[in-house]
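S.K.:
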RNA sequence: GCACCCGUAGCUCAGCUGGAUAGAGCGCUGCCCUCCGAAGGCAGAGGCCAGGGGUUCGAAUCCCUUCGGGUGCGCCA
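Residue numbers (my numbering): 24 to 610.
Put into structure tokens, the structure is as follows:
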């Protein structure tokens with residue numbers, strides 16, 4: 024039940040009727056106006072800007088926006104559940120609702136386990152996130168993308184779309200060869216050799232030692248005498264598998280799992296490989312040519328050589344320059360593989376795809392979007408969400424991170440130290456494209472300026488009210504269906520009605536956040552909800568008659584318990600979207 | 001030099017795809033704690049939304065431009 028969407032539809036109907044009467048022109052785009060909660064609650068429960076939006080089209084019959092507003096207001100005033108309609112300012116229509124409408128919302132929350140969930144609609148959506156290289160442990164920056172992508176996928180699924188969570192494994196290219204050589208060194212170490220300092224250019228981390236041990240168990244010393252060309256493929260695969268196991272385990276520690284792990288390696292191969300096919304396809308459509316690229320302005324790379332190369336006409340799809348697909352050594356570029364990868368997504372039926380990347384890949388967005396347009400003949404759309412850096416702090420002081428000094432902080436260490444809930448909530452309590460300061464000490468504080476605590480505490484406090492109510496009235500049934508029978512009309516206090524209005528916004532917040540691909544909105548909405556709840560709680564200090572549980576007033580208590588139960592359900596549902604737990608108590 | 005992101009209270013940040021008088025936390029000032037959970041509460045001060053143009057009924061939000069930060073800039077992944 025989404026009263027904003029309901030009224031959006033009703034006002035659209037009213038406008039359509041006016042079109043039918045010839046009072047408004049045909050072919051009116053009825054999606055342009057909004058029905059939203061007014062910023063100032065004294066303006067009522069709902070407001071719409073429809074009269075102003077269509078003022079130009081209405082000029083002929085109505086003259087000015089206020090005249091159209093008057094006609095619309097008349098139609099709105101006749102709608103069920105509306106108690107008052109006012110025209111304000113340049114043509115806002117402010118609507119007051121029968122409190123019974125909000126009681127209906129509470130009953131929906133209490134009886135419908137999928138309150139806020141959108142209607143199943145639209146095609147499949149692919150969300151690709153994390154995609155960390157399988158060469159080592161994930162760091163905190165990966166964690167942000169991981170949490171963001173996961174919450175976004177939750178949100179979009181909840182809004183009614185069919186979502187696939189995907190991870191692209193960069194298991195081709197020189198990096199994984201370096202990984203293999205590094206693992207081979209650990210293998211020799213496991214066999215008793217003294218390997219000394221890890222040479223420059225190889226991965227020095229201890230995390231490869233278990234891989235060396237495993238190689239020893241698997242192969243004994245049989246790899247030692249062989250040339251690199253023979254052992255490398257085997258060692259490489261073993262190392263990649265071990266790294267992916269580690270990454271999957273660390274993701275699982277944050278309650279993140281993907282349905283699809285897509286291997287880049289499967290795109291490579293001979294003349295009938297997916298990359299070759301994708302390139303051939305584009306070439307057949309005249310989107311690939313042999314040509315020269317102007318050198319980049321500004322700082323010229325040291326090894327720049329002007330040469331003719333195979334280029335994709337990215338500029339035809341909005342990119343700044345055409346992009347090379349084949350390296351000077353004849354191998355395909357990473358971009359060529361990425362084209363084939365995204366073509367695979369299109370071939371698998373995804374016309375909506377979202378990639379979550381680190382901000383340092385921002386320069387790559389245009390070419391990827393160009394490629395998606397090209398391989399899908401313009402049918403598919405790619406949104407790339409860039410996650411900014413995470414600055415790790417402790418008590419306001421930056422935590423120094425240096426691989427060399429051995430103070431490199433992995434994502435897993437942070438999760439183990441502060442817990443999943445804190446990590447996930449804080450990562451989502453900021454817009455994805457804004458840098459984030461993550462304070463390891465602050466997120467554990469039990470105080471108002473720790474939003475994780477603040478929101479979870481609201482849920483615990485609400486749960487506490489339910490326990491109190493049960494203690495005061497042992498025969499009270501706390502199940503949703505029972506509470507839905509509560510005399511909700513008794514909820515007359517301003518604070519109570521404010522909470523009901525906020526609760527009624529949940530479906531709208533979900534819809535908007537999903538459409539905008541911005542899960543942080545849910546985190547902020549929950550913070551607002553928690554804040555309103557705590558504030559109303561506190562008003563019970565000065566006015567004991569406002570407390571939720573009063574033994575003298577059973578009916579009122581039941582109504583208030585229903586309100587609190589609704590609130591905790593919405594908080595729990597919102598936290599679930601973020602992947603954060605909703606504790607019953609926090610003692 | 002070019003592209004993308006960002007610039008909102010002293011600080012850290014929201015601002016619901018263009019709406020009404022600009023929002024929160026911290027910090028600051030002043031009151032308040034026997035009472036459902038005071039790991040606090042209430043109230044107040046604090047703003048030329050970086051600057052300047054434009055678009056329209058209406059701009060923090062969209063366009064242009066200047067300034068100031070960040071990230072990138074054949075073939076790395």
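In this text, a Cβ means the ideal position worked out from N, Cα and C, and glycines have one as well.
Only a predicted model underlies this, so the values are computations on that prediction, with no experimental measurement involved.
Out of 72, 138, 512 and 310, which has the shortest C-alpha to C-alpha gap to residue 116?
M.R.: The shortest C-alpha separation from residue 116 is found at 72.
S.K.: Any idea what DSSP makes of residue 473, helix, strand or coil?
M.R.: Correct three-state label for residue 473: coil.
S.K.: According to DSSP, is residue 380 helix, strand or coil?
M.R.: DSSP places residue 380 in strand when its eight states are reduced to three.
S.K.: Are at least three pairs of beta-carbons, each pair with one atom in the segment 400-407 and one in the segment 156-176, less than 8 Å apart?
M.R.: Contact between the segment 400-407 and the segment 156-176 is absent, because fewer than three Cβ pairs lie under 8 Å.
S.K.: Give me the Cα-Cα distance between residue 455 and residue 546, rounded to the nearest whole angstrom.
M.R.: About 12 Å.
S.K.: What residue range does the alpha helix (DSSP H) around residue 561 cover?
M.R.: From DSSP, the alpha helix (DSSP H) with residue 561 extends over 543-565.
S.K.: Three or more beta-carbon pairs under 8 Å between the segment 383-390 and the segment 431-446, yes or no?
M.R.: Because the criterion of three Cβ pairs below 8 Å is not met, the segment 383-390 and the segment 431-446 do not touch.
S.K.: Where does residue 267 sit, in a helix, a strand or coil, going by DSSP?
M.R.: In the structure shown, residue 267 sits in a helix (DSSP, three-state: H, G or I).
S.K.: Label residue 530 either buried or exposed according to how many other C-beta atoms from any shown protein chain fall within 10 Å of its C-beta, with 16 as the threshold for buried.
M.R.: Residue 530 comes out buried.
S.K.: Mind checking which residues open and close the beta strand (DSSP E) that includes residue 117?
M.R.: 115-120 is the extent of the beta strand (DSSP E) around residue 117.
S.K.: Going by C-alpha distance, which of 341, 339, 360 and 343 is nearest residue 349?
M.R.: Comparing Cα-Cα distances from residue 349 to each of 341, 339, 360 and 343, the minimum goes to 360.
S.K.: Note down the Cα distance separating residue 49 from residue 583, rounded to an integer number of angstroms.
M.R.: So the two alpha carbons sit approximately 48 Å from each other.
S.K.: Please name the residue in 179, 566 and 553 whose C-alpha comes closest to that of residue 143.
M.R.: The candidate whose alpha carbon is nearest that of residue 143 is 179.
S.K.: Can you list, in chain order, the residues of its chain with a C-beta nearer than 7 Å to that of residue 96? Leave out the 5 residues immediately preceding and following it.
M.R.: Contacts found: 108, 110 and 116.
S.K.: With DSSP run on the structure shown, which of helix, strand or coil describes residue 142?
M.R.: In the structure shown, residue 142 sits in coil (DSSP, three-state: anything other than H, G, I, E or B).
S.K.: Could you tell me the alpha carbon to alpha carbon distance between residue 229 and residue 286, rounded to whole angstroms?
M.R.: In a straight line, the C-alpha of residue 229 is about 25 Å away from that of residue 286.
S.K.: Rounded to the nearest angstrom, what separates residue 181 and residue 313 at their Cα positions?
M.R.: Distance between the alpha carbons of residue 181 and residue 313 is about 46 Å.
S.K.: So, helix, strand or coil for residue 635, using DSSP?
M.R.: With the chain covering 24 to 610 only, the question about residue 635 has no answer from this structure.
S.K.: Is it buried or exposed, residue 368, if we count other Cβ atoms within 10 angstroms and call 16 or more buried?
M.R.: It counts as buried.
S.K.: Can you give the Cα-Cα distance for residue 132 and residue 601, rounded to whole angstroms?
M.R.: So the two alpha carbons sit approximately 19 Å from each other.
S.K.: How long is the line joining the alpha carbons of residue 492 and residue 517, rounded to whole angstroms?
M.R.: Their backbone Cα atoms lie some 22 Å apart in a straight line.
S.K.: Evaluate residue 149 with the Cβ neighbour count: other Cβ atoms within 10 Å of its Cβ, from every protein chain shown; 16 or more gives buried, anything less gives exposed.
M.R.: Counting Cβ neighbours within 10 Å, residue 149 comes out buried, since at least 16 surround it.
S.K.: Taking all protein chains shown into account, do 16 or more other C-beta atoms lie within 10 angstroms of the C-beta of residue 699, making it buried, or fewer, making it exposed?
M.R.: With the chain running from 24 to 610 in the structure shown, residue 699 is simply not present.
S.K.: Determine the extent of the beta strand (DSSP E) in which residue 416 is found, giving its start and end residues.
M.R.: Taken as a continuous stretch (DSSP letters only), the beta strand (DSSP E) holding residue 416 covers 413-417.
S.K.: Could you pull the start and end residues of the beta strand (DSSP E) that residue 286 belongs to?
M.R.: Residue 286 -> beta strand (DSSP E) spans 283-286.
S.K.: Spatial neighbours of residue 327 within its chain, please: CB distance less than 7 Å, with the 5 preceding and 5 following residues excluded, ordered by chain position.
M.R.: So the list reads 318, once near-sequence residues are dropped.
S.K.: Between residue 374 and the rest of its own chain, which residues show a CB-CB distance below 8 Å, the 5 nearest in sequence each way excluded?
M.R.: Once the five neighbours on either side are set aside, the close Cβ partners of residue 374 are 146, 147, 399, 402, 403 and 404.
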